[in-house]
Amino acid sequence: MHPNDNPRPKNWLITHLADDIWRTIFKLCVVHHESRLTRFGHQIHILSSQVCSRWRRIAINAPELWNKIHLHVNELGTRSLGPEFLDLHLQRARSSPLRISLMADVYLVRPKGDHRTSRELETCRMIELLCRNFHLANDLEIGTYVFNCGMPQLPHGSLLDCVLPVALPLLQKLTLKIGKTVTSMNPGMSKLWTRSPNLKSIAFAHSNLFFDRCSFNHTYMAGKLQIPFVQLTSVDISLYTPEHHLYDLLSNSKDLACCVVRLCQFSWDTPFMKNCEPLNLPVLQCLKLVTTYDPTNLVYFLLFINTPALTSLALETPSIDWRHAHFASFLASSSCNIQKFSVKICGRTSPEMLDSLRLLPQLSSLTLNLDNISDGGGGAFRCDLRRQFYTRFVTEMDQWDEVTQQFTLLPALRKLRIAVLIPRPPAFVAMALGRKLEVDLLGFTP
């Protein structure tokens with residue numbers, strides 16, 4: 001029986017629900033099945049709208065259910081239902097700010113003058129239609145390959161010249177997926193950020209093509225591409241970032257509140273850093289630095305930044321020898337109040353890490369990664385050191401000071417996330433229950 005034909009008592013509760021409640025219930029059902037940027041050919045709320053007329057009306061009239069558009073072009077064309085469906089999406093989004101993702105990884109449109117297939121022409125029209133609505137978006141995710149391959153050659157001119165001169169007053173967040181190298185980016189793309197007065201956040205990542213060539217080049221980006229690092233409050237970089245480009249980024253971005261660099265490259269010696277002046281970053285609150293090999297300069301780099309407002313710090317590397325003295329000097333010079341701390345315990349890290357944790361009595365959230373603690377990863381000696389740290393950590397976390405009437409280690413801790421590949425020990429469970437911690441036992445085996 002169709003849901004609309006289902007007989008219900010007149011006084012049944014569901015018949016008296018207000019439209020805003022129906023709308024909330026429906027949106028919760030949609031969000032549960034949606035990805036971050038829904039491909040508009042697979043909208044779950046379009047299918048759900050067939051449940052009943054009430055939901056169907058909500059699906060049509062709720063702009064926030066239509067403002068997420070993902071267009072990914074590959075050698076098979078697009079995964080959408082065509083330009084008409086995209087146009088319907090844009091109409092129903094109405095005044096709601098758009099979240100647009102436009103990606104492409106192949107040459108689909110031949111050079112101007114060559115014969116184009118119907119699929120290529122349709123794809124070109126969809127890209128043009130989407131780009132002409134960039135001024136309605138507050139969140140853009142762009143694959144730079146879209147503007148580097150033959151696709152932008154429209155019948156009446158370049159896509160960049162036709163649609164990008166329009167101002168983007170709503171744009172606040174921009175994600176650039178680099179196709180080849182940073183220097184291969186089309187300079188005409190600078191219209192995306194030079195005409196965006198409210199742009200506050202930029203993320204750089206690779207698009208899985210030519211990944212090894214992708215490196216962050218602050219000199220080229222700030223000079224040739226004119227990326228306005230000065231006005232940004234958030235930067236997320238997933239490209240290889242040499243230490244001198246990281247230093248240049250921080251020195252020219254005094255308003256940064258959040259900085260995430262996932263592929264730092266620090267040299268074995270420090271000739272560059274020895275000639276640098278310390279940076280003052282008065283508003284930086286969140287800093288995450290991740291390296292991919294075994295440098296010892298990750299903690300040393302902290303000595304060259306002053307971050308009095310820092311509340312969240314994450315340091316991750318496959319194999320790092322922790323420098324407690326450097327970390328203590330950083331905390332003393334910055335006078336920051338770190339409340340969230342994430343670190344990976346590797347190599348000779350363990351003996352000094354507890355001393356560093358004692359310098360963070362105000363810490364409320366701690367993430368420890370002790371992977372490969374039981375399978376001999378990194379050598380038996382380092383594995384044994386990590387195991388010793390884990391045992392000492394659990395023991396000291398369970399100690400109570402009768403004088404101060406608080407736990408001796410990290411008294412303010414409320415949340416503990418620990419990743420370790422060993423059987424779950426009763427001592428850890430007892431400690432977590434005794435301290436009433438919110439614990440994420442990621443990696444524990446039963």
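Counting from 1, position 272 in the sequence shown corresponds to residue 272 in the UniProt record's numbering; the numbering is continuous, with no gaps.
Quick reminder that beta carbons are idealized off the backbone N, C-alpha and C, glycines included.
Considering residue i, what are the terminal residues of the beta strand (DSSP E) in which it resides?
i	result
residue 143	137-143
residue 254	No beta strand (DSSP E) holds residue 254; DSSP gives it neither H nor E.
residue 304	It is not in any beta strand (DSSP E) - residue 304 carries neither H nor E in the DSSP assignment.
residue 500	Not covered by the structure: residue 500. The range shown for the chain is 1 to 446.
residue 200	First-last for residue 200: undefined, no H or E at that position.
residue 146	Segment: none, residue 146 is in no beta strand (DSSP E) and carries neither H nor E.
residue 207	Element bounds for residue 207: n/a, residue is neither H nor E.
residue 215	Taken as a continuous stretch (DSSP letters only), residue 215 belongs to no beta strand (DSSP E), as it is neither H nor E.
Should residue i and residue j be called a contact, given that it needs their Cβ atoms to be closer than 9 Å?
i	j	result
residue 98	residue 67	yes
residue 246	residue 258	no
residue 216	residue 182	yes
residue 314	residue 287	yes
residue 330	residue 298	no
residue 137	residue 88	no
residue 419	residue 368	yes
residue 243	residue 273	yes
residue 366	residue 415	yes
residue 219	residue 248	yes
residue 93	residue 145	no
residue 281	residue 256	yes
residue 401	residue 434	no
residue 237	residue 262	yes
residue 451	residue 354	Residue numbering for the chain in the displayed model covers 1 to 446; residue 451 lies beyond these limits and cannot be assessed.
residue 142	residue 65	no
residue 307	residue 334	yes
residue 277	residue 323	no
residue 427	residue 395	yes
residue 214	residue 254	no
residue 345	residue 300	no
residue 457	residue 252	Residue coverage of the chain in this structure runs from 1 to 446, which leaves residue 457 outside it and unanswerable.
Any heavy atom of the ligand GTP closer than 8 Å to the Cβ of residue i?
i	result
residue 356	This structure lacks the ligand GTP, and indeed carries no ligand of any kind.
What residue range is occupied by the uninterrupted alpha helix (DSSP H) comprising residue i?
i	result
residue 181	Residue 181 -> no alpha helix (DSSP H), and no H or E assigned at all.
residue 100	No alpha helix (DSSP H) holds residue 100; the beta strand (DSSP E) holding it covers 98-104.
residue 224	No alpha helix (DSSP H) holds residue 224; DSSP gives it neither H nor E.
residue 329	324-334
residue 292	Careful: residue 292 lies outside any alpha helix (DSSP H) and carries neither H nor E.
residue 366	Element bounds for residue 366: not the alpha helix (DSSP H) but the beta strand (DSSP E), 365-370.
residue 84	83-93
residue 463	Within the shown structure, residues of the chain are numbered from 1 to 446, placing residue 463 beyond reach of any answer.
residue 194	191-194
What residues match up with residue i in a beta bridge as DSSP calls it?
i	result
residue 259	235 and 287
residue 66	Per DSSP, none; premise fails for residue 66.
residue 297	The partner list for residue 297 (beta bridge, DSSP) is empty, contrary to what the question assumes.
residue 169	Answer is none; residue 169 lacks a bridge partner.
residue 401	406
residue 131	BP columns for residue 131 are empty, so no partner.
residue 60	Answer by DSSP bridge pairing: none, since residue 60 is not bridged.
residue 440	417
residue 264	241 and 291
residue 342	314 and 367
residue 73	104
residue 175	141 and 203
residue 186	Looking at the DSSP assignment, residue 186 forms no beta bridge with any residue, so it has no partner.
residue 279	305
Write down the C-beta distance between residue i and residue j rounded to the nearest angstrom, noting that I regard them as a contact closer than 8 Å.
i	j	result
residue 199	residue 176	In fact, because the Cβ distance is near 12 Å, the residues do not count as touching under 8 Å.
residue 363	residue 410	5 Å
residue 328	residue 359	6 Å
residue 202	residue 166	With a Cβ gap of about 19 Å, residue 202 and residue 166 do not count as contacting.
residue 447	residue 126	Only positions 1 to 446 of the chain appear in the structure, and residue 447 is not among them; the question remains open.
residue 71	residue 130	6 Å
residue 190	residue 225	5 Å
residue 178	residue 147	Rounded, the Cβ-Cβ distance is 12 Å, inconsistent with contact.
residue 122	residue 83	6 Å
residue 100	residue 69	5 Å
residue 525	residue 250	Since the first residue shown for the chain is 1 and the last is 446, residue 525 is missing from the structure and cannot be characterised.
residue 439	residue 430	About 12 Å; that fails the 8 Å criterion.
Establish whether the CB of residue i and some CB of chain D are separated by less than 9 Å.
i	result
residue 218	The structure shown contains no chain D, having only a single protein chain.
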